[in-house]
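Visitor: Mind having a look at this structure? Questions to follow.
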Amino acid sequence: MNGENGLGRVDRRRSKRLIDFDIEGGTNQHWDDLARSLSAYSNSGKEVYLVANPQCPYPDAWLGGALQTGLFDYVWVQFYNNPSCEYSSGNIANLQDAWNQWTSNTAGKIFLGLLASTEAANNGFIPVSDLTSKVLPAIKGSAKYGGVMLWSKYYDDQIGYSSSIKGSV
1 MNGENGLGRV
11 DRRRSKRLID
21 FDIEGGTNQH
31 WDDLARSLSA
41 YSNSGKEVYL
51 VANPQCPYPD
61 AWLGGALQTG
71 LFDYVWVQFY
81 NNPSCEYSSG
91 NIANLQDAWN
101 QWTSNTAGKI
111 FLGLLASTEA
121 ANNGFIPVSD
131 LTSKVLPAIK
141 GSAKYGGVML
151 WSKYYDDQIG
161 YSSSIKGSV
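Here the sequence shown stands for residues 1 to 169, where the numbers follow our numbering.
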């Protein structure tokens, strides 16, 4: 992925292809058509995995229609920078409500998108102790739970958030 508002590159050297929809602006039109077209490659003997990175308010303003196709294998929902659906000061209600919407209405595995540091974005950081004692126990029981996605590697390298949560994920 080379920045926002684009699609990941297809790696032609591998038999499996991962195509990442990280659409955060522009239009919400025709992403469903693109998902259908790309997914059709799996029927021609090539494995294509569709991935999306929506914001946590459901449905996502840009990718809602595409996600409703049921074709996405992995959905990395960004549970940060959106106060209406993020964890806040010990309260998991907003996050859990949003999680339940995503897992009830979206195909594939859902990943909990988190900040790797308070510096990584404006709001929504979950301290390790709260993540492991409150948030993960509340969502890991879902059959669609796929794991955790962190933004960003740079900040994770600075504080080691992933190492701190690895045993709980």
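Note that the Cβ used here is the ideal one computed from N, Cα and C, for glycine as well. Keep in mind it's a predicted model, so treat the numbers as computed, not measured.
Mapping the DSSP letters down to three states, classify Lys16 as helix, strand or coil.
Guide: Strand at Lys16.
Visitor: What's the call for Ala35, buried or exposed, on a 16-neighbour Cβ count within 10 Å?
Guide: Buried.
Visitor: Could you check whether Ile92 and Ala138 sit closer than 9 Å to each other, using their CB atoms as the reference points?
Guide: It is a contact, given that the beta carbons lie within the stated cut-off.
Visitor: In whole angstroms, what is the alpha-carbon distance linking Asn2 and Tyr154?
Guide: Here Asn2 scores only 34 on pLDDT, less than 50, and its place in the model should not be relied on; the value that follows carries that caveat. Their Cα atoms are separated by approximately 15 Å.
Visitor: In this structure, how does DSSP classify Trp151 when only helix, strand and coil are distinguished?
Guide: Correct three-state label for Trp151: strand.
Visitor: To the nearest angstrom, how far is the alpha carbon of Val148 from that of Leu95?
Guide: So the two alpha carbons sit approximately 14 Å from each other.
Visitor: Decide yes or no for the touch test of the segment 101-108 against the segment 126-133: beta carbon pairs closer than 8 Å, at least 3 of them.
Guide: Judged by Cβ distances under 8 Å, the segment 101-108 makes no contact with the segment 126-133, as fewer than three pairs qualify.
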